[in-house]
Amino acid sequence: MSPPAEPVRVNILGKEYQVACPPEERADLYASANLLDERMRSVRDGGRVVGADRIAVMVALNLAHEMLVCSRNLERLQVRTPERLSALADAVEKKLRETARDGTNGP
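Adding 175 to a residue's 1-based position in the sequence shown gives its number in our numbering.
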């Protein structure tokens, strides 16, 4: 059984928030809060978006987009990696057969 969530305080865009968090996830929560704070400050300081709610929505959209791009890239890698490993294994086996047939030890 995992330990119960404990209250943790984080500061985002000058406001303090209390969030329940399991102890083993505390470091990730702090890192997430720091990332969110940095992104929100960047949007705010850019001067194009006014108001904490609008800034939060813009940052959420940007983070969601980044997550989707990363997810798609991961899916592509998961599909390509077995294919590439199989092709490499085939090439190694072919070279080993050629080497054994020719009686050579090098390339």
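C-beta: ideal position from N, C-alpha, C; glycine also.
Keep in mind that this is a model prediction, so the values were computed, not measured.
By the criterion of at least three beta-carbon pairs nearer than 8 Å, the region 223-234 is not in contact with the region 249-257. Annotation for V225: no beta strand (DSSP E) segment contains it, and DSSP assigns it neither H nor E. DSSP places A195 in the uninterrupted beta strand (DSSP E) bounded by K190 to C196.
Boundaries for P178: no beta strand (DSSP E) harbours it, and the DSSP string shows neither H nor E there. Listed as beta-bridge partners of R184 by DSSP are Q193.
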